[in-house]
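A.B. asks: Would you mind keeping the following structure in view while I ask a few things?
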Amino acid sequence: DIYIHPSNSNILWVATSSGVYKTTDAGVTWTNKLSGNIKDIKLHPTIPDIIYAVTPSAFYRSLDGGESFFQLTNGVPSGSSRLVIDVTPDSPNVVYLLAAESDASFKGLYKSSNAGSSFSTVSTFATVGDIFESSQAWFDMALGVSDTNENEIYTGVLNVWKSTNGGFTFDKLNNWN
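Counting from 885, one number per residue, gives the positions in the sequence shown under the working numbering.
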């Protein structure tokens, strides 16, 4: 993922397998701001100084435009093999976190309403079933939240699943074959 600062196109952040890198000179030079295998990065929809990033098993947040990142653990599932995140302008402080088990199957969907300070469990395999339908989440796991409705969520591994109630239930939209 690559993000450009919304009001200063010289500032960019990129998520890579060796960390989050930031440039303030439109890509002439880059500085590693968070080491690790960064699987996903998102900017807060209204405060670009707040940046979220995840490794396969940890959630991080920056409050200073990506100069420093801190791991947050309150409600973040442990033992995950892959995490992805999404945010929505509909409710800027909401962060959704989708997690895979150690075998890359569905672990759960988690929600923060306080810009990532803490998460609560929305759904798990036990409550909604196997919305991944495989153990392929290690390379093709996706999460999307509507820009206009924080409760409209899409997930995908083999197939695309949609929730209209914030992830408490899901409907399957397609069959991959």
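Note that beta-carbon positions come from the ideal geometry of N, C-alpha and C, so glycine has one too.
May I ask which residues mark the beginning and end of the beta strand (DSSP E) holding A1021?
C.D. replies: Not the beta strand (DSSP E): A1021 falls in the alpha helix (DSSP H), residues A1021 to D1024.
A.B. asks: Sorted by chain position, which residues of the same chain lie with C-beta nearer than 6 Å to D924's C-beta, five sequence neighbours on each side aside?
C.D. replies: V938, V968 and I969, listed in sequence order.
A.B. asks: Can you check the region 921–985 for any beta strand (DSSP E) of at least 3 residues that lies completely inside it and give the ranges in chain order?
C.D. replies: 924–927, 935–938, 943–946, 954–956, 966–971 and 979–984
A.B. asks: Can you tell which of G1051, V1012 and Q1020 has the C-alpha that lies nearest to the C-alpha of V1029?
C.D. replies: G1051
A.B. asks: What is the DSSP secondary structure of V1029, reduced to helix, strand or coil?
C.D. replies: strand
A.B. asks: If we call anything under 8 Å between Cβ atoms a contact, is T1082 one with L896?
C.D. replies: Since the displayed the chain opens at 885 and closes at 1061, residue 1082 lies outside it and no answer follows.
A.B. asks: For the alpha helix (DSSP H) that A1010 lies in, which residues bound it at each end?
C.D. replies: F1009 to V1012
A.B. asks: Once DSSP output is grouped into helix, strand and coil, what is the label at F990?
C.D. replies: strand
A.B. asks: Using the three-state DSSP reduction, which class does D855 fall into: helix, strand or coil?
C.D. replies: This structure cannot speak to residue 855, because the chain is shown only from 885 to 1061.
A.B. asks: Count the other C-beta atoms from every protein chain shown that fall within 10 angstroms of the C-beta of D996, then say buried if there are 16 or more, exposed otherwise.
C.D. replies: This sequence places Ser at residue 996; Asp is not what is there. Classification for S996: buried.
A.B. asks: Output needed for V1006: all residues of its chain with C-beta closer than 7 Å, excluding positions within five of it in sequence on either side, in chain order.
C.D. replies: If we look at V1006 and ignore the five residues flanking it on each side, its Cβ neighbours are L993, Y994, K995, G1050, G1051 and F1052.
A.B. asks: Pick out whichever of A910, Y887 and T1039 has its Cα sitting closest to the Cα of I935.
C.D. replies: Y887
A.B. asks: Name the DSSP beta bridge partners of K1063, please?
C.D. replies: A query on residue 1063 cannot be resolved here, the shown segment of the chain reaching from 885 to 1061 and no further.
A.B. asks: Mapping the DSSP letters down to three states, classify N1059 as helix, strand or coil.
C.D. replies: coil
A.B. asks: According to DSSP, is S1047 helix, strand or coil?
C.D. replies: strand
A.B. asks: Name the residue from K917, G959 and N892 whose alpha carbon lies nearest to the alpha carbon of A899.
C.D. replies: K917
A.B. asks: What number of angstroms, rounded off, separates the C-alpha of F1003 from the C-alpha of V960?
C.D. replies: 6 Å
A.B. asks: How about T1011 and L1027: do their beta carbons lie closer than 8 Å?
C.D. replies: no
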